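Sequence lines, in order, name chains C and A. The first sequence stops at residue 253 when you use our numbering, and every number in between is there. The second sequence stops at residue 282 when you use our numbering, and every number in between is there. Below: the structure, in structure tokens.
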Amino acid sequence: MSEFTRAELCAVALAECFRGDGEILASAIGVLPTLGARLAKLSFAPDLLITDGLHGVLENPPPLGPPNGFQPVVEGWLPYRSVFDLLWAGRRHVVMGATQIDRFGNQNIACIGDPKHPRAQLLGMRGAPGNTINHPTSYWVPNHGPKSFVAKVDVVSGIGYDRAAALGSRAARFHEIRRVVSNLGVFDFRTRDHAMRLVSVHPGVSADQVLEKTGFALVVEDLVETRSPTDQELRLLRERLDPTGVAAREPLG
Amino acid sequence: MDKRTTAAAVVRELRDGMTIGIGGWGSRRKPMALVREMLRSPLKDLTIVSYGGPDVGLLCAAGKVRRVVFGFVSLDSIPLEPHFRKARESGKVEAHELDEGMLQWGLYAAALRLPFLPTRAGLGSDVMQLYPGLKTVTSPYADGEQLVAMPALQLDVALVHLDRADAKGNGQFLGPDLYFDDLFCMAARRRFLSCERIVASEDFAKAGSHHTLRLSRMFVDGVVEAPGGAHPTECPPDYDRDEDFQREYAASAKSPEAWQAFQARYLALPDEAAYQAAVRAR
Numbered sequence: 001m002s003e004f005t006r007a008e009l010c011a012v013a014l015a016e017c018f019r020g021d022g023e024i025l026a027s028a029i030g031v032l033p034t035l036g037a038r039l040a041k042l043s044f045a046p047d048l049l050i051t052d053g054l055h056g057v058l059e060n061p062p063p064l065g066p067p068n069g070f071q072p073v074v075e076g077w078l079p080y081r082s083v084f085d086l087l088w089a090g091r092r093h094v095v096m097g098a099t100q101i102d103r104f105g106n107q108n109i110a111c112i113g114d115p116k117h118p119r120a121q122l123l124g125m126r127g128a129p130g131n132t133i134n135h136p137t138s139y140w141v142p143n144h145g146p147k148s149f150v151a152k153v154d155v156v157s158g159i160g161y162d163r164a165a166a167l168g169s170r171a172a173r174f175h176e177i178r179r180v181v182s183n184l185g186v187f188d189f190r191t192r193d194h195a196m197r198l199v200s201v202h203p204g205v206s207a208d209q210v211l212e213k214t215g216f217a218l219v220v221e222d223l224v225e226t227r228s229p230t231d232q233e234l235r236l237l238r239e240r241l242d243p244t245g246v247a248a249r250e251p252l253g
Numbered sequence: 001m002d003k004r005t006t007a008a009a010v011v012r013e014l015r016d017g018m019t020i021g022i023g024g025w026g027s028r029r030k031p032m033a034l035v036r037e038m039l040r041s042p043l044k045d046l047t048i049v050s051y052g053g054p055d056v057g058l059l060c061a062a063g064k065v066r067r068v069v070f071g072f073v074s075l076d077s078i079p080l081e082p083h084f085r086k087a088r089e090s091g092k093v094e095a096h097e098l099d100e101g102m103l104q105w106g107l108y109a110a111a112l113r114l115p116f117l118p119t120r121a122g123l124g125s126d127v128m129q130l131y132p133g134l135k136t137v138t139s140p141y142a143d144g145e146q147l148v149a150m151p152a153l154q155l156d157v158a159l160v161h162l163d164r165a166d167a168k169g170n171g172q173f174l175g176p177d178l179y180f181d182d183l184f185c186m187a188a189r190r191r192f193l194s195c196e197r198i199v200a201s202e203d204f205a206k207a208g209s210h211h212t213l214r215l216s217r218m219f220v221d222g223v224v225e226a227p228g229g230a231h232p233t234e235c236p237p238d239y240d241r242d243e244d245f246q247r248e249y250a251a252s253a254k255s256p257e258a259w260q261a262f263q264a265r266y267l268a269l270p271d272e273a274a275y276q277a278a279v280r281a282r
């Protein structure tokens, strides 16, 4: 087994979010989620649809950084209007960021503090409300800590399981928060009340460290270590998807 | 038929307190020449409806805005729009936050002269509390499903920028995405289109197929030829985003002095030609 970085491990954990998704649009916001989606397509999820980050659906996932002779094969066109249509039709799984995320998977990317007078204005709601009510959503949090994993988010952009439950099973039947990947571990909501569960810790990280850096009580059961990248995955990441090492410059922690 | 006009004449039609929709997306193909002309006017108390970029940031920084209806405000390569952040954090502008798809739905409802359109997007999120007056509706059919009733976003005026137009007001987009420019125009009482170049109608076919003709003169009241009129936002294939200039613009939010210097250099100028000259002179 080759040596690997934490960023490479996280890219593989993010790729794993898409396992079993079939023929849907794999959307990813941010460098490591993008690598993850592209890696999934090139390895265990070949039916996924991948974009160039803009409007083209590419049959061959492009590398990060300069194209260096890469020839994209465009298999489809997705202007924003078509993206909204297909996401409302449920043919998508997105990995978004989360400035704050809570125990039931509510996500905030809108602002910090009282939304009427925010202490810090962030991106806005973006597509989070529509994504989370319409199709599977996962999250990537590169800076796991009590300020990002919070007891209660300041604003609910993407809805979590408590909000979904309050809507009733019919209205929320397409809601699914698949996974959360942070720089410390992988989490899901497969518990009786859909509270967040620590699924795996990254190599070198202890469960206690994760608990200490989380602003609410995590469920810990059947804990394992996040799986290492395979040699084939490392080759795809280093030679094919990120030859200039963009991921290595991503801040973690 | 000749709908050619000037940016100054367009802005003379605007009034304080109007609801103005601005096309494009983030820092992409924004009608910035028209926005800059608004900055030269005494307009105030505007409600801006936008997939926001530097259009929203500039109008907020210049004190023109009372309220922003938005799904996001971003410069793309710079994720957070610094002037908009400042305006929000100082409490100067009111935020009517929507999911991106809900914003489209509100424009579409207004375009089709419907009071609302139903959608699942927004259910359970804080948009339901934060967007004033937002209500749900129950399906009248057997499913009885509860949905968001996204109200029509009726605009007083729409401003959009495309690559080409003819004098009659037909617009042609040559880039990868029309965004929602057609809906902005259909949702508005008065509609103004700026473009890189006004061409004869028969020249449309030389630049692109009929698929690129997505804005009809039925929904356009005035056409302004404004080469470079989307600067610093991108307007492909005519030009990319001016990233250097955008960084300079973003840095001008750092202090009142920096903003004053930016204004003096690029905005407190008599017209768009002077702006373009100042940009070239950097």
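Even for Gly, the Cβ is constructed at its ideal location relative to N, Cα and C. Since the structure is predicted, the reported quantities are computational estimates derived from the model, not experimental observations.
Here residue 188 (chain C) is bridged, per DSSP, to C:197. The beta carbon of residue 73 (chain A) lies closer than 6 Å to those of 52, 56, 81 and 84 in the same chain, with the five residues before and after it left out. Taking a Cβ-Cβ cut-off of 7 Å, residue 23 (chain A) has no neighbours in chain C, whose nearest Cβ is about 12 Å from it. The region 80–115 of chain A contains, as complete alpha helix (DSSP H) runs of 4+ residues, the segments 82–89 and 100–111 (chain order). Residue 54 (chain A): not part of any beta strand (DSSP E); member of the alpha helix (DSSP H) spanning 54–61, first to last residue. Taking all protein chains shown into account, residue 77 (chain C) has fewer than 16 neighbouring C-beta atoms within 10 Å of its C-beta and is therefore exposed.
Residue 79 (chain A) and residue 1 (chain A) have their C-alpha atoms spaced approximately 42 Å apart. The criterion of a C-beta distance shorter than 8 Å is not satisfied by residue 263 (chain A) and residue 213 (chain A). Shown here is that no member of the region 208–219 of chain A has a Cβ falling below 9 Å from a Cβ of chain C.
Counting only Cβ-Cβ distances below 7 Å, residue 55 (chain C) has contacts in chain A at 176 and 177, in chain order. Comparing alpha carbon positions, the residue from C:176, C:20 and C:217 closest to residue 146 (chain C) is C:217.
Proximity of chain A to residue 143 (chain C) at the Cβ level (cut-off 7 Å) is not reached, the minimal Cβ distance being about 15 Å. Contacts with chain A at 8 Å (Cβ-Cβ) do not include residue 50 (chain C).
Using a C-beta cut-off of 8 Å, the region 42–49 of chain A makes contact with the region 58–74 of chain A, since at least three inter-stretch Cβ pairs fall below that distance.
Taken atom to atom, the span from the alpha-carbon of residue 133 (chain A) to that of residue 6 (chain A) is near 38 Å. For residue 22 (chain A), the enclosing beta strand (DSSP E) has its first and last residue at 19–22.
In this structure residue 9 (chain C) is in contact with residue 202 (chain C), their Cβ atoms being roughly 6 Å apart against a cut-off of 8 Å.
Against chain C, the CB of residue 98 (chain A) has a partner CB under 8 Å away; the residue lies at that interface.
Each of C:34, C:117, C:22 and C:157 was checked against the Cα of residue 7 (chain C), and the nearest Cα belongs to C:34. Of C:143, C:151 and C:157, the smallest CA-CA separation from residue 251 (chain C) is found for C:143. Secondary structure of residue 98 (chain C) (DSSP, three-state): coil. Only residues of its own chain outside the window of five on either side were considered, and among them 111 and 112 have a CB closer than 7 Å to the CB of residue 118 (chain C), listed in chain order. If you draw a straight line from the Cα of residue 94 (chain A) to the Cα of residue 226 (chain C), it comes to about 44 Å.
8 Å or more divides the Cβ of residue 155 (chain A) from the Cβ of residue 181 (chain A).
Nearest CB-CB separation between residue 139 (chain A) and chain C: not below the 8 Å threshold.
About 16 Å separates the CB atoms of residue 32 (chain C) and residue 240 (chain C); that is not less than 8 Å, and the two are not in contact. Look at residue 136 (chain C) here: in three-state DSSP terms it is strand. Contact annotation: the region 94–107 of chain C does not touch the region 63–80 of chain C, with fewer than three C-beta pairs closer than 8 Å. It is roughly 42 Å from the alpha-carbon of residue 242 (chain C) to the alpha-carbon of residue 118 (chain A). The beta carbon of residue 61 (chain C) sits closer than 7 Å to those of 38, 41, 42, 50 and 241, all from its chain and outside the five residues before and after it, given in chain order. Using a Cβ-Cβ cut-off of 8 Å, residue 37 (chain A) does not count as an interface residue toward chain C, since no Cβ of chain C sits closer than that to its own. Between residue 13 (chain C) and residue 247 (chain C) the beta-carbon gap is near 13 Å, outside 8 Å, which marks them as no contact.
Rounded to whole angstroms, the separation of the alpha carbons of residue 236 (chain C) and residue 70 (chain C) is 15 Å. With respect to residue 68 (chain A), residue 153 (chain A) sits apart: the two C-beta atoms are not nearer than 8 Å. Going by beta carbons, residue 221 (chain A) and residue 130 (chain C) fall outside the 8 Å limit. For residue 44 (chain C), the CB contacts under 7 Å within the same chain, skipping 5 residues up- and downstream, are 19 in chain order.
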